[in-house]
Amino acid sequence: MPSPEEVLVRRARVGNSDAFEQLVLAYERRVYNLAFRMMGNAEDASDVAQEAFLRAFSSLSRFRGDCSFSTWIYRIVSNICLDELRKRGRQRVSSLDEPVEGEDGEMSRQVADPAAGPEEVLQRTETRDRIHDGLASLQEAQRVIVVLRDIQGLSYEEISAVLGLSLGTVKSRLNRARMALKKALEAAELLTPPIVESSERGAGR
Amino acid sequence: MKCEQVVELFSAYLDQEATAEEAAVVERHIASCAACARDLADLRRTIELCRSVGEVEMPEGFHEELMRKLNEKSAPRGLLVRLGFDRLRQPYRAAVAVAAVIVVSFGLTTLANWVPSMGSRKAGTDLASRYGARGESPPETVMAGGGEIPSEAQAKMAAPPGMGGGADASDAAQRSSAPQIAMKAPAANVAMPQPVPPIEPDLGIEETLDRKLIKRADLQIEVSKDKMDETGRKVVTVVEMAKGFVQTSSMFTDDGKYRGLSFALRVPEEKFGTILGELEVMGKVLSKHIESEDVTERFIDTQAQLKNKERQEQRLLEIMGKANNVGELMQVENELNRVRSEVDILKGRMKYLQGATSYSTITLTVREPRDDTGTGPLLPGFADEVWRAFMRTFKGMALFLARIAPYAILICVGWMVYARMGRGKQTGS
Numbered sequence: 152m153p154s155p156e157e158v159l160v161r162r163a164r165v166g167n168s169d170a171f172e173q174l175v176l177a178y179e180r181r182v183y184n185l186a187f188r189m190m191g192n193a194e195d196a197s198d199v200a201q202e203a204f205l206r207a208f209s210s211l212s213r214f215r216g217d218c219s220f221s222t223w224i225y226r227i228v229s230n231i232c233l234d235e236l237r238k239r240g241r242q243r244v245s246s247l248d249e250p251v252e253g254e255d256g257e258m259s260r261q262v263a264d265p266a267a268g269p270e271e272v273l274q275r276t277e278t279r280d281r282i283h284d285g286l287a288s289l290q291e292a293q294r295v296i297v298v299l300r301d302i303q304g305l306s307y308e309e310i311s312a313v314l315g316l317s318l319g320t321v322k323s324r325l326n327r328a329r330m331a332l333k334k335a336l337e338a339a340e341l342l343t344p345p346i347v348e349s350s351e352r353g354a355g356r
Numbered sequence: 110m111k112c113e114q115v116v117e118l119f120s121a122y123l124d125q126e127a128t129a130e131e132a133a134v135v136e137r138h139i140a141s142c143a144a145c146a147r148d149l150a151d152l153r154r155t156i157e158l159c160r161s162v163g164e165v166e167m168p169e170g171f172h173e174e175l176m177r178k179l180n181e182k183s184a185p186r187g188l189l190v191r192l193g194f195d196r197l198r199q200p201y202r203a204a205v206a207v208a209a210v211i212v213v214s215f216g217l218t219t220l221a222n223w224v225p226s227m228g229s230r231k232a233g234t235d236l237a238s239r240y241g242a243r244g245e246s247p248p249e250t251v252m253a254g255g256g257e258i259p260s261e262a263q264a265k266m267a268a269p270p271g272m273g274g275g276a277d278a279s280d281a282a283q284r285s286s287a288p289q290i291a292m293k294a295p296a297a298n299v300a301m302p303q304p305v306p307p308i309e310p311d312l313g314i315e316e317t318l319d320r321k322l323i324k325r326a327d328l329q330i331e332v333s334k335d336k337m338d339e340t341g342r343k344v345v346t347v348v349e350m351a352k353g354f355v356q357t358s359s360m361f362t363d364d365g366k367y368r369g370l371s372f373a374l375r376v377p378e379e380k381f382g383t384i385l386g387e388l389e390v391m392g393k394v395l396s397k398h399i400e401s402e403d404v405t406e407r408f409i410d411t412q413a414q415l416k417n418k419e420r421q422e423q424r425l426l427e428i429m430g431k432a433n434n435v436g437e438l439m440q441v442e443n444e445l446n447r448v449r450s451e452v453d454i455l456k457g458r459m460k461y462l463q464g465a466t467s468y469s470t471i472t473l474t475v476r477e478p479r480d481d482t483g484t485g486p487l488l489p490g491f492a493d494e495v496w497r498a499f500m501r502t503f504k505g506m507a508l509f510l511a512r513i514a515p516y517a518i519l520i521c522v523g524w525m526v527y528a529r530m531g532r533g534k535q536t537g538s
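Quick note, the sequences are listed as chains A and B, same order.
Mapping to the working numbering: the first sequence position 10 is 161, numbers consecutive.
Mapping to the working numbering: the second sequence position 32 is 141, numbers consecutive.
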């Protein structure tokens with residue numbers, strides 16, 4: 152018994168554009184969000200996410216259904232992101248020091264919570280911005296894995312399928328990426344400041 | 110274990126993806142190493158913070174823009190564009206399209222005519238083999254209630270009845286049941302089965318020595334198209350003349366092309382053979398199957414049971430007369446009811462057996478000849494010829510289109526893949 156999604160994929164594959172739109176509706180948010188975290192700004196994210204769907208649409212016939220559609224579309228979008236970022240090389244669009252273009256609008260819209268007071272909103276927004284910057288400071292390969300795991304909530308198996316890595320690599324790379332993020336967040340004073348770290352660490356070794 | 114080795118496990122530990130051993134290592138270590146414990150706490154906090162950022166909204170119009178791009182992308186079809194089709198002006202485009210359709214259909218029709226002709230030739234040989242190796246003579250299957258058929262009768266049946274062999278065939282049919290009688294009742298020296306008189310429930314045993322046979326025949330004949338209706342009427346007349354009746358009659362079409370009639374006829378058992386013969390001469394016999402089931406034993410058993418039950422009923426009636434009180438009376442009456450319902454069932458069974466044995470069933474199928482070129486009279490006139498040719502071609506075309514539709518879809522999909530890949534290469538390079 153094929154799942155509703157398999158049915159959609161099958162229909163989309165034979166050129167049913169309604170079916171493909173259903174798939175777009177189901178995944179565009181996640182795809183856009185992954186692109187946003189990877190690219191660091193809304194404009195690039197938008198371009199990348201659209202490019203991902205266009206590529207998915209044109210190569211749908213090559214999608215053999217040996218993984219789920221979500222894995223497949225995640226794979227496409229993360230590949231595009233990584234390619235694009237590699238192309239741009241060191242000249243990254245977002246960095247720790249400079250606030251990212253067009254990002255404020257995106258962020259504040261998301262946290263418009265009627266229950267929260269303006270100050271709280273501001274603080275939360277600030278925190279989110281700083282986390283976002285922290286993510287942006289990671290290497291691409293590390294960033295993608297943290298985003299897939301901690302923002303998109305994928306399992307280790309799914310991540311290994313999306314990125315084409317072994318489970319062991321996923322584990323170790325995720326660990327390293329999180330450690331790097333931890334360092335970035337420490338620097339951004341989001342974690343409790345380290346007190347007597349160096350001496351104790353030395354003793355532990 | 111050293112701190113950096115333990116730190117390697119933190120992430121999996123927090124995700125509960127670490128093995129039990131690894132988890133134990135981590136827990137043991139952080140119990141003794143404050144720095145690592147704090148690191149772990151920080152890492153947990155990092156993950157929590159990361160999770161807290163949640164999703165952002167997509168920019169306004171994202172979906173619409175994407176769908177617009179997708180539609181643009183799916184609109185142009187590679188082949189036509191490459192052939193310059195899109196550069197043609199509108200009326201020419203339609204003309205080219207129509208011409209293409211005609212050319213393709215013509216090709217397909219030629220193919221279609223070629224392919225089914227092979228099919229029908231095969232069917233023809235099938236028919237020939239089905240109708241027996243002895244030339245025209247249809248096979249005769251005779252199943253006679255487990256009894257063996259004497260070789261003489263067998264030889265008679267095997268004799269080719271030929272085209273006008275209706276009488277022979279019916280003779281054989283009758284003989285097929287005759288051995289049964291000869292075997293079980295040597296005294297009843299008959300060529301034709303004796304008509305069985307209606308049996309009363311209290312029939313004597315000696316009278317039931319006559320075999321009770323349920324006879325069935327399945328006959329298929331072929332008559333030319335124009336004689337179809339006439340044959341139908343003739344069948345009804347023949348059956349009614351013999352005091353039989355038509356149980357069901359229906360008309361059907363084979364392959365949406367060949368008309369046919371199908372009858373279930375009930376005829377008096379003694380006329381079974383004669384009627385079968387009369388039906389056979391109405392057309393060319395395609396197949397014939399005669400079957401008789403010996404139900405003598407069932408008949409006698411049922412009869413005996415019925416007798417017993419009726420005797421029981423009689424006795425119960427007597428007992429009822431002697432009943433002393435209401436309790437006894439009720440008891441006897443209950444018993445009586447039970448016996449009576451059993452009597453009813455047995456009577457019903459007797460009735461069925463009588464009906465089935467005194468009226469034989471003939472299933473008759475009348476068909477048109479399969480091939481138009483055969484017995485059908487030629488349609489006069491050139492116009493008819495043209496019309497028929499047209500219709501035949503049209504039918505062939507429709508059939509063939511239906512047949513190739515799945516392939517066409519496959520080819521289309523294949524083409525789409527090819528076109529995509531081609532375009533992918535273009536944009537890629």
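All C-beta atoms, glycine included, are put in the ideal place defined by N, C-alpha and C.
Give the range of the beta strand (DSSP E) segment to which residue i is assigned.
| i | result |
| --- | --- |
| residue 401 of chain B | 393-403 |
| residue 319 of chain B | Per DSSP, residue 319 of chain B belongs to no beta strand (DSSP E) and is neither H nor E. |
By the DSSP assignment, the alpha helix (DSSP H) with residue i in it spans what residues?
| i | result |
| --- | --- |
| residue 155 of chain A | 155-164 |
| residue 139 of chain A | The requested residue 139 of chain A does not occur in the structure, where chain A is confined to residues 152 to 356. |
| residue 350 of chain B | 337-350 |
| residue 141 of chain B | 129-141 |
| residue 164 of chain B | Unbroken run through residue 164 of chain B: none, as it is neither H nor E. |
| residue 313 of chain A | 307-314 |
| residue 319 of chain A | 318-338 |
| residue 294 of chain A | 291-297 |
| residue 117 of chain B | 112-123 |
Quick one: what's residue i bridged to in DSSP?
| i | result |
| --- | --- |
| residue 331 of chain B | B:393 and B:476 |
| residue 355 of chain B | B:374 |
| residue 470 of chain B | B:325 and B:375 |
| residue 369 of chain B | B:361 and B:476 |
Our contact map puts residue i next to residue j with C-beta atoms below 8 Å; I'd like the distance itself, whole angstroms only.
| i | j | result |
| --- | --- | --- |
| residue 367 of chain B | residue 476 of chain B | 6 Å |
| residue 510 of chain B | residue 217 of chain B | 7 Å |
| residue 452 of chain B | residue 422 of chain B | 6 Å |
| residue 176 of chain B | residue 172 of chain A | 6 Å |
| residue 472 of chain B | residue 327 of chain B | 5 Å |
| residue 91 of chain B | residue 456 of chain B | Residue 91 of chain B lies beyond the residue range present for chain B, which begins at 110 and ends at 538; the question has no answer from this structure. |
| residue 376 of chain B | residue 351 of chain B | 6 Å |
| residue 145 of chain B | residue 112 of chain B | 6 Å |
| residue 207 of chain A | residue 224 of chain A | 6 Å |
| residue 303 of chain A | residue 324 of chain A | In fact, because the Cβ distance is near 16 Å, the residues do not count as touching under 8 Å. |
| residue 289 of chain A | residue 154 of chain B | That pair is no contact at about 17 Å. |
Please compile the residues from chain E whose C-beta is within a distance smaller than 9 Å of the C-beta of residue i.
| i | result |
| --- | --- |
| residue 234 of chain A | Structure shown: chain E not included; protein chains present are A and B. |
Review point. Hey, is the region 286-301 of chain A in contact with the region 112-119 of chain B, meaning 3+ C-beta pairs nearer than 8 Å?
Key: In this structure the region 286-301 of chain A does not touch the region 112-119 of chain B; the number of beta carbon pairs closer than 8 Å is below three.
Check your understanding: Would you call the region 212-219 of chain A and the region 513-527 of chain B touching, i.e. three or more CB-CB distances under 8 Å?
Key -> yes
Exercise for review: Please determine if the region 369-385 of chain B and the region 342-360 of chain B are in contact, where contact requires at least 3 C-beta pairs separated by less than 8 Å.
Suggested key: yes
Practice item. Please specify which runs of the beta strand (DSSP E), each continuous and at least 3 residues long, are wholly inside the region 166-220 of chain A, giving them in chain order. Key: none
Exercise for review: Assess, as a yes-or-no matter, whether the region 322-329 of chain B is touched by the region 401-410 of chain B under the definition of 3 or more beta carbon pairs within less than 8 Å.
Suggested key: yes
Check your understanding: How about the region 180-189 of chain A and the region 198-207 of chain A: do they share at least three Cβ pairs that are nearer than 8 Å?
Key -> yes
Practice item. Assess, as a yes-or-no matter, whether the region 280-287 of chain A is touched by the region 326-345 of chain A under the definition of 3 or more beta carbon pairs within less than 8 Å. Key: yes
Review point. If you pair each beta-carbon of the region 445-452 of chain B with each one of the region 331-346 of chain B, do three or more pairs fall below 8 Å?
Key: Using a Cβ-Cβ distance cut-off of 8 Å, the region 445-452 of chain B and the region 331-346 of chain B are not in contact, since fewer than three pairs of beta carbons, one from each stretch, lie closer than that value.
Review point. Okay, do the region 213-230 of chain A and the region 154-161 of chain A touch, 3+ Cβ pairs below 8 Å being the bar?
Key: yes
Check your understanding: Using 8 Å as the Cβ pair cut-off and three pairs as the minimum, do the region 455-463 of chain B and the region 345-352 of chain B touch?
Key -> no
Review point. Does the region 118-135 of chain B come close enough to the region 148-163 of chain B to have 3 or more Cβ pairs within less than 8 Å?
Key: yes
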